[in-house]
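Using numbering that gives the first Met the number 0, read the sequence shown as starting at 0 and increasing by one per residue. Data first, discussion second: the structure below is written as structure tokens.
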Amino acid sequence: MQMLTLLLSFMFSLSAGFYFHVGEREEKCIIEDIPSDTWITGTFKVQQWDIGRQDFLESAPGLGMFVTVTSYNDEILLSKLYGAEGTFHFTSHSPGEHIICLQSNSTRLMSFGGSKLRIHLDVRVGEHDLDAAIAQAKDKVNEVTFKLEHLIEQIQQILKEQNYRRDREEIFRMTSEDTNSNVLWWAFAQILIFISVGIFQMRHLKNFFIAKKLV
Numbered sequence: 000m001q002m003l004t005l006l007l008s009f010m011f012s013l014s015a016g017f018y019f020h021v022g023e024r025e026e027k028c029i030i031e032d033i034p035s036d037t038w039i040t041g042t043f044k045v046q047q048w049d050i051g052r053q054d055f056l057e058s059a060p061g062l063g064m065f066v067t068v069t070s071y072n073d074e075i076l077l078s079k080l081y082g083a084e085g086t087f088h089f090t091s092h093s094p095g096e097h098i099i100c101l102q103s104n105s106t107r108l109m110s111f112g113g114s115k116l117r118i119h120l121d122v123r124v125g126e127h128d129l130d131a132a133i134a135q136a137k138d139k140v141n142e143v144t145f146k147l148e149h150l151i152e153q154i155q156q157i158l159k160e161q162n163y164r165r166d167r168e169e170i171f172r173m174t175s176e177d178t179n180s181n182v183l184w185w186a187f188a189q190i191l192i193f194i195s196v197g198i199f200q201m202r203h204l205k206n207f208f209i210a211k212k213l214v
């Protein structure tokens, strides 16, 4: 039961569902920090939203979304045109930030008078579609087997995510320590500069007073 509770708590963190508004031909992007060799599933639904009436409108014919996924080194993992709703999948080849961009192909929004598109987006990290596998199961034993395999896959994904976060934290800690060390040396250098300038000014004033026979 404790393992199941822990698993469910991590499953919420592996899924991100939200919505946002875009105008015609406007591109919106989100950034996901993903471990390597991780299966990503994204589901979206586009609805036309009237800003004045604060209500949904009938979508324009042929409304679709361009979905583009690129890695941090500009590798294109996905570039495809979908309809008003759909599901896309991709696998990360290397760890790091991945950029998921959505752009409407519609140029007819202005005809509705101040309307925008509301995009509902749900991104799931490391989660395969279990329903299709269960639907193909011929008996309860196969169904339970699929569920167990899915559970094991989720646990492995959680472990991979934890290891990835641990590595990122280690890199961040080392960077912070290097930064603190550099700041310390820079402060020490500033102190030396101030002392040198002070000594120089004192000697200069002393020579000035001697030259003017004030001392």
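Don't be surprised by glycine CBs; every beta carbon is placed ideally from N, CA and C.
The beta strand (DSSP E) enclosing residue i, as first and last residue numbers
{"i": "Y81", "result": "I75 to Y81"}
{"i": "E26", "result": "E26 to I33"}
{"i": "S103", "result": "G95 to S103"}
{"i": "T86", "result": "E84 to T90"}
{"i": "T69", "result": "M64 to S70"}
From the options, residue whose alpha carbon lies closest to that of residue i
{"i": "E74", "options": "S93, Y81, A210 and T178", "result": "S93"}
{"i": "F89", "options": "G125, I170 and F199", "result": "G125"}
{"i": "V45", "options": "I39, V21 and I30", "result": "V21"}
{"i": "R117", "options": "I194, A83, I192 and G95", "result": "A83"}
{"i": "C215", "options": "Q155, I157 and L120", "result": "Since the displayed the chain opens at 0 and closes at 214, residue 215 lies outside it and no answer follows."}
{"i": "I170", "options": "G95, L147 and E152", "result": "G95"}
{"i": "F19", "options": "F187, C100, E168 and R172", "result": "C100"}
{"i": "I33", "options": "L204, F199 and E160", "result": "E160"}
{"i": "W48", "options": "D166, F193, K115 and W185", "result": "K115"}
DSSP beta-bridge partners of residue i
{"i": "I157", "result": "DSSP output for I157 lists no bridge partner at all."}
{"i": "H119", "result": "Y18 and K44"}
{"i": "V182", "result": "Paired residue(s): none; V182 is not in a bridge."}
{"i": "I39", "result": "F89 and V124"}
Integer-rounded CB distance, given that residue j should sit under 8 Å from residue i
{"i": "T233", "j": "T42", "result": "The chain is shown from 0 up to 214; residue 233 falls before or after that span and cannot be answered."}
{"i": "S91", "j": "T40", "result": "With 8 Å as the limit, S91 and T40 do not qualify as a contact, their Cβ atoms being about 12 Å apart."}
{"i": "I30", "j": "I98", "result": "6 Å"}
{"i": "L80", "j": "G61", "result": "The Cβ separation is near 11 Å, so there is no contact."}
{"i": "R24", "j": "S103", "result": "6 Å"}
Could you tell me which whole beta strand (DSSP E) segments of length 3 or greater appear in the segment 187–214? none
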